[in-house]
Amino acid sequence: MTDLTLRPISAAEFPEFYRVLVDAFHDVPHDSDRELSRGRFEPARSLAAFDGTTMVSTTSAFGRVMTVPGALLPIAAVTAVSVAATHRRLGLLTSMMRRQLTDLHEHGGEPVAALWASEAAIYQRFGYGMASREARLTARTRELRLRPGTDLGTGRIRLVGSEEARPALARVYEAQRVRSPGFLDRTDRWWDRRLYDPEHARDGGPPLRFALRANEGGEVTGYAVFRTIPRWGEHDPDGEIQIRELIGLTPAAYAALWSFLLGTDLVRTVRYDRVPVDEPLPHLVDNPRAVELSVSDQLWLRLVDVGRALAARRYTREVDVVFKVTDEFCPWNAGRWRLTGGPDTASCEPTTAPADVTLTSTELAAAYLGGTTLATLALAGRVVERRPGALAAVSAAFHTDPQPWCPEIF
237 MTDLTLRPIS
247 AAEFPEFYRV
257 LVDAFHDVPH
267 DSDRELSRGR
277 FEPARSLAAF
287 DGTTMVSTTS
297 AFGRVMTVPG
307 ALLPIAAVTA
317 VSVAATHRRL
327 GLLTSMMRRQ
337 LTDLHEHGGE
347 PVAALWASEA
357 AIYQRFGYGM
367 ASREARLTAR
377 TRELRLRPGT
387 DLGTGRIRLV
397 GSEEARPALA
407 RVYEAQRVRS
417 PGFLDRTDRW
427 WDRRLYDPEH
437 ARDGGPPLRF
447 ALRANEGGEV
457 TGYAVFRTIP
467 RWGEHDPDGE
477 IQIRELIGLT
487 PAAYAALWSF
497 LLGTDLVRTV
507 RYDRVPVDEP
517 LPHLVDNPRA
527 VELSVSDQLW
537 LRLVDVGRAL
547 AARRYTREVD
557 VVFKVTDEFC
567 PWNAGRWRLT
577 GGPDTASCEP
587 TTAPADVTLT
597 STELAAAYLG
607 GTTLATLALA
617 GRVVERRPGA
627 LAAVSAAFHT
637 DPQPWCPEIF
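Residue numbering for the sequence shown follows our numbering, beginning at 237 and increasing consecutively.
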């Protein structure tokens, strides 16, 4: 990197930043996409590498708030990571990741960074751990029904336009967010992105539709944002519903929304590309084999500052454990840390006491949201117990239910 420079970009340089990013992902640039991204862009958090005056790599981050077990935590939501095809294998990605994490640490920034990985093997070498997973759901509507006796409540479902839907969606989402590890806050600009529906991204279908489920008192307790793709086989309808987001605050609201979608005329398939791995739908229908789930990784977390990160969340039971942490990429995290806490409070401080559990910061990041357990990581040879009984106790303390899940890419 002797001839390359790495620095934040100015707002005026954003169009070039966007072009480099789109090129790296082999995507087609659209002016409306660029302007939507510009509205959320934080230039001071960006980094780009320059070969002379030519921009050849990018990354940035958003300041957002993530729900973690027992708390709401400001995080650095890392995004727009790219390296031009002409400048691969020059260490640019490593340099950007190191600079980004070092800046967060030295300036007292967010204690946790999070990202979505284009390829799962990329970010573990920088200390990111797989903290949540998701599934792609495909339901074959002609082969299933809701289980007999399913409680759909006494409310009703209405189809409304986007302007009427948006404030109701925001209220329901906020109620769900504060109780769901992995969820992120949504400002107006983030709602703009979530509901963005340009014609070039519609898969040949119509605009998004909005279904609101309200109880007898008129309170909206759930919603579905979806698109219906009209298709026909040789003789019969073969339509498809594509769900962008579905939230039910009560079991009845959740079941009613699924009943509505699965029962839509002329539709044979319902797809939802992003559901939690503990998605309840297979348990709601009479034929779970008609609901296919294909599991993949989702959020990758990095503990920028181990002490602050572990003290920021809460634990399902009382815990008192000493971790010996190895962290070659962020060496300020290396050493022994004593974690004490429970459901109401937590602290994590450096210590000289003997280690109970040995691991790297990557394993702590993977376990942070409570989905991946330390016990599972130990079975994979990635966590070592030094004091008998310590691993089972701390693994149970970290665990959360339901599984962590993030409904949106950032």
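We put the CB at the ideal spot given by N, CA and C, even for glycine.
Our contact map puts residue i next to residue j with C-beta atoms below 8 Å; I'd like the distance itself, whole angstroms only.
i             : j              : result
valine 521    : arginine 392   : Valine 521 to arginine 392, Cβ: 22 Å. No contact.
valine 561    : proline 590    : About 14 Å separates the two Cβ atoms, so there is no contact after all.
leucine 610   : serine 631     : 4 Å
threonine 464 : glycine 475    : 6 Å
alanine 284   : methionine 291 : 5 Å
valine 672    : leucine 539    : Beyond the ends of the chain as shown, which are 237 and 646, falls residue 672; an answer cannot be given.
proline 226   : glycine 299    : In this structure the chain extends from 237 to 646, so residue 226 is not present and cannot be described.
What separation, rounded to the nearest whole angstrom, lies between the Cα atoms of residue i and residue j?
i                 : j                 : result
arginine 369      : alanine 353       : 12 Å
glutamate 252     : glycine 577       : 47 Å
glycine 288       : serine 246        : 16 Å
valine 304        : histidine 471     : 50 Å
leucine 337       : cysteine 566      : 8 Å
arginine 381      : histidine 262     : 41 Å
alanine 526       : leucine 627       : 38 Å
arginine 361      : proline 516       : 34 Å
glutamate 455     : serine 268        : 34 Å
arginine 445      : valine 461        : 6 Å
aspartate 424     : threonine 587     : 44 Å
aspartate 339     : leucine 537       : 17 Å
valine 256        : alanine 602       : 30 Å
alanine 375       : tyrosine 490      : 16 Å
glutamate 249     : leucine 329       : 20 Å
glutamate 346     : threonine 505     : 42 Å
tyrosine 459      : glycine 484       : 7 Å
leucine 613       : glutamate 599     : 7 Å
histidine 343     : aspartate 541     : 12 Å
glycine 363       : histidine 341     : 14 Å
glutamate 528     : glutamate 379     : 12 Å
leucine 272       : phenylalanine 634 : 37 Å
phenylalanine 419 : arginine 550      : 16 Å
histidine 436     : leucine 388       : 36 Å
valine 414        : leucine 308       : 7 Å
Between which two residues does the alpha helix (DSSP H) carrying residue i extend?
i                 : result
threonine 330     : 328-342
valine 264        : From DSSP, valine 264 is part of no alpha helix (DSSP H); its letter is neither H nor E.
phenylalanine 419 : Looking at the DSSP string, phenylalanine 419 is not in any alpha helix (DSSP H), and its letter there is neither H nor E.
threonine 295     : Where threonine 295 is concerned, there is no enclosing alpha helix (DSSP H), although the beta strand (DSSP E) it sits in stretches over 290-304.
leucine 630       : Contrary to the premise, residue 630 reads as valine rather than leucine in this sequence. Counting along the chain, the alpha helix (DSSP H) containing valine 630 begins and ends at 626-634.
valine 619        : It is not in any alpha helix (DSSP H) - valine 619 carries neither H nor E in the DSSP assignment.
phenylalanine 253 : 250-260
valine 542        : 542-548
Going by the DSSP bridge assignment, what does residue i pair with across the sheet?
i              : result
serine 382     : The sequence given here has leucine at residue 382, not serine. In DSSP, leucine 382 forms a bridge with Val521.
threonine 596  : Thr562
cysteine 584   : Leu575
glutamate 470  : Partner(s): none; glutamate 470 has no beta bridge.
serine 318     : Thr294
isoleucine 483 : Tyr459
glutamate 365  : Before going further, note that residue 365 is glycine rather than glutamate in the sequence given. Beta-bridge pairing links glycine 365 to Leu537.
isoleucine 477 : Thr464 and Val506
arginine 372   : Ser530
leucine 309    : Met302
Which term fits residue i, buried or exposed, when burial requires 16 or more other beta carbons within 10 angstroms of its beta carbon?
i              : result
asparagine 569 : buried
threonine 636  : buried
threonine 295  : buried
threonine 596  : buried
leucine 355    : Per the sequence shown, the amino acid found at residue 355 is glutamate instead of leucine. By the 10 Å Cβ count, glutamate 355 comes out exposed.
proline 512    : buried
leucine 575    : buried
alanine 321    : exposed
isoleucine 477 : buried
histidine 645  : Position check: residue 645 holds isoleucine in this sequence, whereas histidine was assumed. Answer is exposed; the Cβ neighbour count stays below 16.
glycine 499    : exposed
proline 473    : exposed
serine 532     : exposed
alanine 492    : buried
leucine 395    : exposed
proline 579    : exposed
tryptophan 573 : buried
glutamate 293  : Per the sequence shown, the amino acid found at residue 293 is serine instead of glutamate. That one is buried.
In terms of residue numbering, what span does the beta strand (DSSP E) encompassing residue i cover?
i             : result
aspartate 556 : 555-562
leucine 351   : 348-352
leucine 537   : 535-539
proline 512   : 503-512
alanine 447   : 445-450
tyrosine 459  : 456-465
aspartate 287 : 283-287
leucine 712   : Residue coverage of the chain in this structure runs from 237 to 646, which leaves residue 712 outside it and unanswerable.
valine 396    : 392-396
So is residue i in contact with chain D if we call contact Cβ pairs under 8 Å?
i            : result
cysteine 584 : Among the protein chains of the structure shown there is no chain D, as only one such chain exists.
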